[in-house]
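Student: Sharing a structure here in structure tokens format.
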Amino acid sequence: MDFLSADEWAVVALSLKVSGVAIMLVLPVSFAIAWVLERTRLPGKIFLDALVHLPLVLPPVVTGWGLLLLFGNNGPAGRFLADMLGITLMFRWTGAALAAGVMALPLMVRAIRLSLEGIDQRFEVAARTLGASRWKTFRSITLPLAMPGVLAALVLGFARSIGEFGATITFVSNVPEETRTLPLAIYTALQVPGGESTVTRLALVSIALSLAALVASEWLVRRGRQGESGHVL
Amino acid sequence: MDFLSADEWAVVALSLKVSGVAIMLVLPVSFAIAWVLERTRLPGKIFLDALVHLPLVLPPVVTGWGLLLLFGNNGPAGRFLADMLGITLMFRWTGAALAAGVMALPLMVRAIRLSLEGIDQRFEVAARTLGASRWKTFRSITLPLAMPGVLAALVLGFARSIGEFGATITFVSNVPEETRTLPLAIYTALQVPGGESTVTRLALVSIALSLAALVASEWLVRRGRQGESGHVL
Amino acid sequence: MSFDVDVSVRRAGRDIAVQFASDARVVALFGASGVGKTSTLEMIAGLLQPDRGHITIAGKTLFDKEAGINLLPEQRACGYVFQDGRLFPHLTVRDNLLYGWKLAPEHRRSLALDVAVGFLGIEHLLHRMPRTLSGGEAQRVAIGRTLLAGPRFLLMDEPLSSLDASRRDGIMRLIERIRDELSIPIIYVSHDRAEVERLAGCVIELD
Amino acid sequence: MSFDVDVSVRRAGRDIAVQFASDARVVALFGASGVGKTSTLEMIAGLLQPDRGHITIAGKTLFDKEAGINLLPEQRACGYVFQDGRLFPHLTVRDNLLYGWKLAPEHRRSLALDVAVGFLGIEHLLHRMPRTLSGGEAQRVAIGRTLLAGPRFLLMDEPLSSLDASRRDGIMRLIERIRDELSIPIIYVSHDRAEVERLAGCVIELD
Amino acid sequence: SAPNETAKGPVVLAAASMQEALDAAADAWADKGHPRPVLSFAASSALARQISSGAQADLYISADTRWMDVLAQKGLIVPETRAVLVTNSLVLVAPRSSAPDLAIKPGFDLAAALGGRRLAMANPDGVPAGRYGKQALESLGVWDSVETKIASGENVRVALGLVSRNEAPLGIVYATDAIADPHVKVAGTFPDASHAPIIYPIALLKTSRRTETKAFLAFLLSPDGQAIFAKYGFGGAR
Ligand SMILES: Nc1ncnc2c1ncn2[C@@H]1O[C@H](COP(=O)(O)OP(=O)(O)OP(=O)(O)O)[C@@H](O)[C@H]1O
Ligand SMILES: Nc1ncnc2c1ncn2[C@@H]1O[C@H](COP(=O)(O)OP(=O)(O)OP(=O)(O)O)[C@@H](O)[C@H]1O
Ligand SMILES: [Mg+2]
Ligand SMILES: [Mg+2]
Chain V
56 MDFLSADEWA
66 VVALSLKVSG
76 VAIMLVLPVS
86 FAIAWVLERT
96 RLPGKIFLDA
106 LVHLPLVLPP
116 VVTGWGLLLL
126 FGNNGPAGRF
136 LADMLGITLM
146 FRWTGAALAA
156 GVMALPLMVR
166 AIRLSLEGID
176 QRFEVAARTL
186 GASRWKTFRS
196 ITLPLAMPGV
206 LAALVLGFAR
216 SIGEFGATIT
226 FVSNVPEETR
236 TLPLAIYTAL
246 QVPGGESTVT
256 RLALVSIALS
266 LAALVASEWL
276 VRRGRQGESG
286 HVL
Chain G
56 MDFLSADEWA
66 VVALSLKVSG
76 VAIMLVLPVS
86 FAIAWVLERT
96 RLPGKIFLDA
106 LVHLPLVLPP
116 VVTGWGLLLL
126 FGNNGPAGRF
136 LADMLGITLM
146 FRWTGAALAA
156 GVMALPLMVR
166 AIRLSLEGID
176 QRFEVAARTL
186 GASRWKTFRS
196 ITLPLAMPGV
206 LAALVLGFAR
216 SIGEFGATIT
226 FVSNVPEETR
236 TLPLAIYTAL
246 QVPGGESTVT
256 RLALVSIALS
266 LAALVASEWL
276 VRRGRQGESG
286 HVL
Chain C
50 MSFDVDVSVR
60 RAGRDIAVQF
70 ASDARVVALF
80 GASGVGKTST
90 LEMIAGLLQP
100 DRGHITIAGK
110 TLFDKEAGIN
120 LLPEQRACGY
130 VFQDGRLFPH
140 LTVRDNLLYG
150 WKLAPEHRRS
160 LALDVAVGFL
170 GIEHLLHRMP
180 RTLSGGEAQR
190 VAIGRTLLAG
200 PRFLLMDEPL
210 SSLDASRRDG
220 IMRLIERIRD
230 ELSIPIIYVS
240 HDRAEVERLA
250 GCVIELD
Chain R
50 MSFDVDVSVR
60 RAGRDIAVQF
70 ASDARVVALF
80 GASGVGKTST
90 LEMIAGLLQP
100 DRGHITIAGK
110 TLFDKEAGIN
120 LLPEQRACGY
130 VFQDGRLFPH
140 LTVRDNLLYG
150 WKLAPEHRRS
160 LALDVAVGFL
170 GIEHLLHRMP
180 RTLSGGEAQR
190 VAIGRTLLAG
200 PRFLLMDEPL
210 SSLDASRRDG
220 IMRLIERIRD
230 ELSIPIIYVS
240 HDRAEVERLA
250 GCVIELD
Chain D
1423 SAPNETAKGP
1433 VVLAAASMQE
1443 ALDAAADAWA
1453 DKGHPRPVLS
1463 FAASSALARQ
1473 ISSGAQADLY
1483 ISADTRWMDV
1493 LAQKGLIVPE
1503 TRAVLVTNSL
1513 VLVAPRSSAP
1523 DLAIKPGFDL
1533 AAALGGRRLA
1543 MANPDGVPAG
1553 RYGKQALESL
1563 GVWDSVETKI
1573 ASGENVRVAL
1583 GLVSRNEAPL
1593 GIVYATDAIA
1603 DPHVKVAGTF
1613 PDASHAPIIY
1623 PIALLKTSRR
1633 TETKAFLAFL
1643 LSPDGQAIFA
1653 KYGFGGAR
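Given below as structure tokens:
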């Protein structure tokens, strides 16, 4: 397509890969954390809650710097990943995905938590009396009832990670074809006088991507509600 | 206190003012948008939805640039505010609050929307038959039932605006005592060699602020649930 | 004429049509499960819009398709005891009871809180949250909430279904008093022949 | 011995204590609103933990404080028809009905979907969502869901409260068949004397 | 207290890399009994856009000439006040613990020195420090061999941090940055001729209304002011 150059298409593809992987990995983690926060009585859980919020409260560069200290080749977690699993994150798209995922985490946890909070637990109790184990109840009752929150989490998380900039550039730099996602390409263009038209084009692509995610999620929500019918009021 | 210098305390106070004003102004706007998205059948509402998500998807510097074009002294909205209301935003804390509010908006809308979605409208219908007008029903039934979402919106929005950096510095620069909020002070400290200890101290303050917001919201949620008692399961 | 109702509505692929006019103070709606009793009450309360027809109760026209009249539910002041209770989950029993009472105009507040509470036997529940009530307790609170709102007429959808005989009797006496002393018209849905015969001056059979 | 129950629990500031042992196939629980009938069923189903005592039904000990036995609800297979329905809101009527059936071991699936659906008169509702059902329709689906799950015993909390006489009769016949042909023990909560006398071999009065 | 109150000193919009030195200069100016200037540090590009949008300020200090040129074209600066405030030079840094110095000369084997790892620098397509670095490597004929091995940061400080944490073995930064970080050492200095002169232009803005501004500008360019910048490693105005 003429609207974007081949290089720019590569940036879009990279952004989708980074965000997609980030969100898919973070979704189960978010669900688990939301569950712990909402359904258990862990004594120190306010600290878990605070920890999850950190990437939201701290300026992204600080989060990126923290990731560098932890997951850099010389950081403890970075060494562990390299030695045990052979995964390196520095300057790699995997690192960009980690940064995007970490930044999306607080939003996703909160959305799922709000949905879990709204579930009437009497339905779960009913499922147990019908012979469903805890796990079966979770899959067949809790999870579908939490679906609006899960979809909201996916949309928020996807949008947030498509837009992630500060933590990524601080953690894994701006390496073409590895970590130069859409926001980093946009930033590069903003530094150049007259780069505004590139900025506009890439921003439009970002918007189109998130609009697509939105439409898909609204469609899923509506499908989930099908058959419901209400009152005039 | 010795932990922070007087200048740093001023930064903390400014951050609180900026975030507090931002969140309080954005809260009703978020509620209204969430309401439109969740409860009305406006034909083009997917575009409103997309518009709300923009600050999440676009890199913050782009949002800041957009604010600059709109609300700068030469921008249409900026001229209007200056001429009609005598408000200038450039280099002022009011501009920082606008940036923080815009960045928090998508998170707040989504949280409130999730809560609205979970409300059983039969309660609202019951209130109407008991003589409550639409508005009274809203205040006495809908709003309290949406309270978990409102509190989540406040926490998310507060955390996000306490951490807001990119849009702020792009829009209203980094002016001491006006727009140098915690993240900008952290950025400024990061530019100075050996500034890491300042960075760490200011980051700790940010964390403490959001932890306080979290604790307060959890307390309010728990108070709202008081008297509920459930099953063993 | 207390009641002049002639409406129909399409629901779940079937037409529900109801037509009755009566001067009785209490009209009972009778009919098999799913025949449209609750739907009829919802149309009268203004919660479900009829496809055609009109509703006039105690001399006031609430709905008339042709004349373009369609009062809001809060203007109808209908006193609806729902089949599914619907106590406000975030308010205590006391606040539930007083919800409509506070909204009612002074002259319609004909019942006092302590009288209603005494008749219904719910004194000890006033500070509880609805979620912690037993089935019958919740049903009694729902009845109390409706009566206290000072309704112009009552719509009662199986209000006594989960109560034991002696409770039933007490509440029936309260309803009879409302019927006789305040002359508030009542539409009553029940499966219990005895209840219906005791209260109703007119029985409408739906099918 | 079909039933050997001796438990107590503290709820809402009051002690609820129940003790009965009987060989009857159907035991009726009777008592005023709020006396603890539903709480008793919840303890038997494993949803509310008794403060003391034991529960043995059809020769199987479900709970024994002293012996430290406390089976999970899904291990008790109790077939609980709740007072408040609790149909799964995200599943169609058909999927609600088959929820427990799919989980039951082959040898306990003694009732077929079409038989139950026929008896309950809910053929036309199979593809509906629970939210669109009338009160009595929802109650019948809830009964069907429980019976199809192949329970080892039944706990029925006013299962017929919002049904008309002829429906009631049909469902009572189904319950009698289950009682006699499958010899499944039943604990039945109802305010209706006639129902109780027709079904129950033993009446327990709570107070 | 708003910056446009006349009781305050001039509002100076300055490139972030000037921060330490300019803070010191402002302190010195205040010590002479003047109101302290209000200093706002951000990326040169962001500041230029703010000025273009009609923001009222007094002085602009850019990290390169391009954004100053943009403002000049738009007529937003007072042309006769434009001057070179300071200059800088470009160095190659390495973690303090690492191998000996590199002789930077045409064709030097930078790729081998990287040993398969990455070269940290500011974004070569945008940020001034990155563009100078790219120019220098091009003119020395080594750009092609390292082009795919660049890790570019948001600004020079980020690149410096990567070297400082030994995530990258080498980095290209300003001499002023290298002085500041005890964890790195200068492995070599790029010849001045290998890149366009690194100058920080300063100019009075058209919107400036504060009387003290010109005096402060003169102070910055005076020997007293220049001495302060020299302390932080900057070269003098040329
Ligand atoms: N979740 C709960 N938390 C606290 N108290 C409860 C809860 N559920 C019920 N109770 C209280 O326990 C007592 C027994 O309630 P239960 O539901 O067992 O009564 P019941 O005999 O089934 O009455 P009904 O015929 O009205 O359904 C009542 O006083 C009730 O208010
Ligand atoms: N919200 C709804 N959407 C679609 N169909 C509905 C809805 N509510 C009820 N129906 C259907 O409309 C018909 C009439 O329902 P209604 O609730 O009026 O019955 P009813 O006479 O009150 O029955 P019951 O005695 O069982 O409460 C039924 O077939 C029911 O399934
Ligand atoms: Mg009904
Ligand atoms: Mg009960």
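Chains as they are written, first to last, in my numbering: chain V, 56 to 288; chain G, 56 to 288; chain C, 50 to 256; chain R, 50 to 256; chain D, 1423 to 1660. From the three backbone atoms N, C-alpha and C, an ideal C-beta is built for every residue, glycine too.
Which partner residues does Ser1574 of chain D have in the DSSP bridge list?
Tutor: DSSP output for Ser1574 of chain D lists D:Met1543 as bridge partner(s).
Student: Select from the segment 236-270 of chain V all residues with a C-beta closer than 7 Å to any C-beta belonging to chain G, and list them in chain order.
Tutor: So the close ones are Pro238, Ile241, Tyr242, Leu245, Val254, Ala258, Ser261, Ile262, Ser265, Leu266, Leu269, Val270.
Student: Does the segment 1513-1528 of chain D come within contact of the segment 1432-1450 of chain D, defined as at least 3 CB pairs closer than 8 Å?
Tutor: They do not touch, by the three-pair rule.
Student: Between the Cα of Leu206 of chain G and the Cα atoms of G:Arg278, G:Ala151, G:Val112, which residue gives the shortest distance?
Tutor: Looking at the Cα atoms, G:Arg278 is the closest of the given residues.
Student: Please state the DSSP three-state secondary structure of Pro1425 of chain D.
Tutor: Residue confidence for Pro1425 of chain D is low, a pLDDT of 43 falling below 50, so the modelled location carries little weight; the figure read from the coordinates is stated next. Correct three-state label for Pro1425 of chain D: coil.
Student: Among D:Gly1593, D:Val1506, D:Asp1480, which one has its Cα closest to the Cα of Gln1648 of chain D?
Tutor: That would be D:Val1506, whose Cα lies nearest to the Cα of Gln1648 of chain D.
Student: Give a yes or no on whether the minimum CB-CB distance between Ala61 of chain G and chain C is below 8 Å.
Tutor: No, because no Cβ of chain C sits closer than 8 Å to the Cβ of Ala61 of chain G.
Student: Quick one: any contact between the segment 191-198 of chain R and the segment 148-162 of chain R, if contact means 3 or more CB pairs under 8 Å?
Tutor: Cβ pair count under 8 Å is three or more, so yes.
Student: Measure the C-alpha to C-alpha separation of Ile1650 of chain D and Asp1491 of chain D and round it to an integer number of angstroms.
Tutor: Each residue's alpha carbon lies about 26 Å from the other.
Student: Does the beta-carbon of Glu244 of chain R have 16 or more other beta-carbons within 10 angstroms, so that it is buried, or is it exposed?
Tutor: By the neighbour-count rule (16 or more Cβ atoms within 10 Å), Glu244 of chain R is buried.
Student: Note down, in chain order, every chain V residue with its Cβ under 8 Å from the Cβ of Gly204 of chain G.
Tutor: Result: Leu169.
Student: List the endpoints of the continuous beta strand (DSSP E) containing Gln68 of chain C.
Tutor: 63-71 is the extent of the beta strand (DSSP E) around Gln68 of chain C.
Student: To the nearest angstrom, report how far apart Ser1467 of chain D and Gly1575 of chain D are at their CA atoms.
Tutor: Roughly 16 Å between the two C-alpha positions.
Student: Using 10 angstroms around the beta-carbon of Arg1631 of chain D, count the other beta-carbons present and answer buried if the total reaches 16, otherwise exposed.
Tutor: Counting Cβ neighbours within 10 Å, Arg1631 of chain D comes out exposed, since fewer than 16 surround it.
Student: Could you tell me whether the Cβ of Glu93 of chain G comes closer than 8 Å to any Cβ of chain V?
Tutor: For Glu93 of chain G, the answer is no, since every Cβ of chain V falls outside 8 Å of its Cβ.
Student: Taking 8 Å as the CB-CB cut-off, is Phe1656 of chain D touching chain G?
Tutor: Cβ-Cβ to chain G under 8 Å: no for Phe1656 of chain D.
Student: Do you know offhand how far Ala66 of chain R's Cα is from Ser51 of chain C's?
Tutor: Computed Cα separation, rounded: 49 Å.
Student: Does DSSP put Gly285 of chain G in a helix, in a strand, or in coil?
Tutor: Only weak support exists for where Gly285 of chain G lies, its pLDDT of 43 falling under 50; the value from the coordinates is given anyway. DSSP places Gly285 of chain G in coil when its eight states are reduced to three.
Student: Would you call the CB atoms of Ile224 of chain G and Val112 of chain V closer than 8 Å?
Tutor: Not a contact, by the Cβ cut-off of 8 Å.
Student: Can you list, in chain order, the residues of the segment 121-137 of chain V whose Cβ is nearer than 8 Å to any Cβ on chain D?
Tutor: Hits within the stretch, in order: Leu123, Leu124, Gly127, Asn128, Asn129.
Student: I want to verify the contact list: residues of chain V whose CB lies under 9 Å from the CB of Leu144 of chain G, in sequence order.
Tutor: Those do not exist, as Leu144 of chain G stays about 21 Å from chain V at its closest Cβ, beyond 9 Å.
Student: Contact defined as beta carbons within less than 8 Å: I believe Arg143 of chain C pairs with Gly199 of chain C. What is the distance between those atoms, to the nearest angstrom?
Tutor: Not confirmed; about 17 Å, so no contact.
Student: Residues of chain R with CB closer than 7 Å to the CB of Ile78 of chain V, please, in chain order.
Tutor: Going along chain R, no residue has its Cβ under 7 Å from Ile78 of chain V, so there is no contact; the nearest lies around 24 Å.
Student: Would you report the Cα separation of Ser195 of chain G and Asp72 of chain C, rounded to the nearest angstrom?
Tutor: Rounded to the nearest angstrom, the two C-alpha atoms are 37 Å apart.
Student: Using a Cβ-Cβ cut-off of less than 8 Å, give me the residues of the segment 143-159 of chain C that come near chain G, in sequence order.
Tutor: Of all residues in the segment 143-159 of chain C, Tyr148, Gly149, Leu152, Ala153 have a Cβ within less than 8 Å of some Cβ in chain G.
Student: With distances taken between CB atoms, is the gap from Ile93 of chain R to Leu204 of chain R smaller than 8 Å?
Tutor: Yes, these two residues count as a Cβ contact at 8 Å.
Student: Does the CB of Val230 of chain G have a neighbour CB from chain D at under 8 Å?
Tutor: Yes, Val230 of chain G counts as interfacial toward chain D.
Student: If you follow the beta strand (DSSP E) that Asp55 of chain C is part of, which residue opens it and which one closes it?
Tutor: Element bounds for Asp55 of chain C: 52-60.
Student: Roughly how many angstroms separate the alpha carbons of Val287 of chain V and Gln188 of chain R, rounded to a whole number?
Tutor: Because Val287 of chain V sits at a pLDDT of 43, beneath the cut-off of 50, its placement in the model cannot be relied upon, and the point is left open.
Student: Residues of chain G with a CB under 7 Å from the CB of Arg1471 of chain D: which are they?
Tutor: What Arg1471 of chain D touches in chain G: Trp120, Leu123.
Student: Please enumerate, following chain order, all residues with a beta carbon closer than 5 Å to at least one heavy atom belonging to ligand 2.
Tutor: Those satisfying the condition are, in chain order, V:Ser284, C:Arg60, C:Ala61, C:Ser82, C:Gly83, C:Val84, C:Gly85, C:Lys86, C:Thr87, C:Ser88, R:Thr181, R:Ser183, R:Gly184, R:Gly185.
Student: Which residues in chain G sit within 7 Å of Arg1518 of chain D, going by Cβ to Cβ distance?
Tutor: The contacting residues do not exist; Arg1518 of chain D stays about 14 Å from chain G at best.
Student: Just mark Ser228 of chain G as buried or exposed, buried being the case when its beta carbon has 16 or more other beta carbons within 10 Å.
Tutor: So Ser228 of chain G counts as buried.
Student: With Tyr1596 of chain D as the anchor, note down where its beta strand (DSSP E) starts and where it stops.
Tutor: Its beta strand (DSSP E) spans residues 1592-1596.
Student: When the distance is taken between beta carbons, is Phe131 of chain R closer than 8 Å to Ile253 of chain R?
Tutor: No, these two residues do not count as a Cβ contact at 8 Å.
Student: Mind checking Ala1485 of chain D: buried by the 16 CB within 10 Å criterion, or exposed?
Tutor: Buried is the call here.
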